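With the working numbering, you'll find the sequence shown wraps up at 97, consecutive numbering, no jumps.
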Amino acid sequence: MLRIYDYLKSKEIDVYFVGQHKGECKSPYVVLKDDGTGGQNGSNKIGAQTVDIIFFVPQNQFTKIISFKSTVKVYLKELNFLRYTGVEMGTITDDEKKALTCSILYQIQKELEV
-16 MLRIYDYLKS
-6 KEIDVYFVGQ
4 HKGECKSPYV
14 VLKDDGTGGQ
24 NGSNKIGAQT
34 VDIIFFVPQN
44 QFTKIISFKS
54 TVKVYLKELN
64 FLRYTGVEMG
74 TITDDEKKAL
84 TCSILYQIQK
94 ELEV
C-alpha cells in the first residue's frame, strides 16, 4: 500500500492512510484502507491483499466526486502490480466529515507469509 500512497502523492493527490485525516473535508482526498489478505484458489502460498480506496469530497460538490474518482482510476491503471476488481461502492454522505464518499476495491497479488 505504501507504493500506492507514494505514487498518488507524486501525482499531487491528497492521500492518507486510515485514521490519519482529521476534521471536516475541505477539499478532495483519498484514504487507503487495508481490507485484508486471502489465499488464491485455496492456496497458502499465493494470495492477494485487498485495498479499499476511499474517496472524499466536500458535501456540496457532487459532480466533483465523479471527476476525482475518474482521475484517480486513470492514475492507478499505471500501477501494473495493482488489479482493479470491478467492485465500486456507491456515493453516500459522511456527516461527521461533511463529505460525500465512495470507494473502489483493488487487489495486489503477493506471496503469502506463513
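Positions of the beta carbon are idealized from the N, C-alpha and C atoms, including for glycine. If you're wondering where the values come from, they're calculated on a predicted model, not measured in any experiment.
Contact between Leu15 and Val(-2) holds: CB atoms are separated by about 7 Å, below the 8 Å threshold. DSSP places Lys80 outside both helix and strand once states are collapsed to three, so it counts as coil. Contact between Ala31 and Ile91 holds: CB atoms are separated by about 6 Å, below the 8 Å threshold. Bridge pairing for Asp35: Lys16 and Leu88 [DSSP]. Taken through DSSP and simplified to helix, strand or coil, Lys9 comes out as coil. Excluding residues up to 5 positions away in sequence, Leu88 lie with their Cβ nearer than 6 Å to the Cβ of Val70 in the same chain. Rounded to the nearest whole angstrom, the CA to CA distance from His4 to Glu79 is 12 Å. Beta-bridge pairing by DSSP links Val70 to no other residue.
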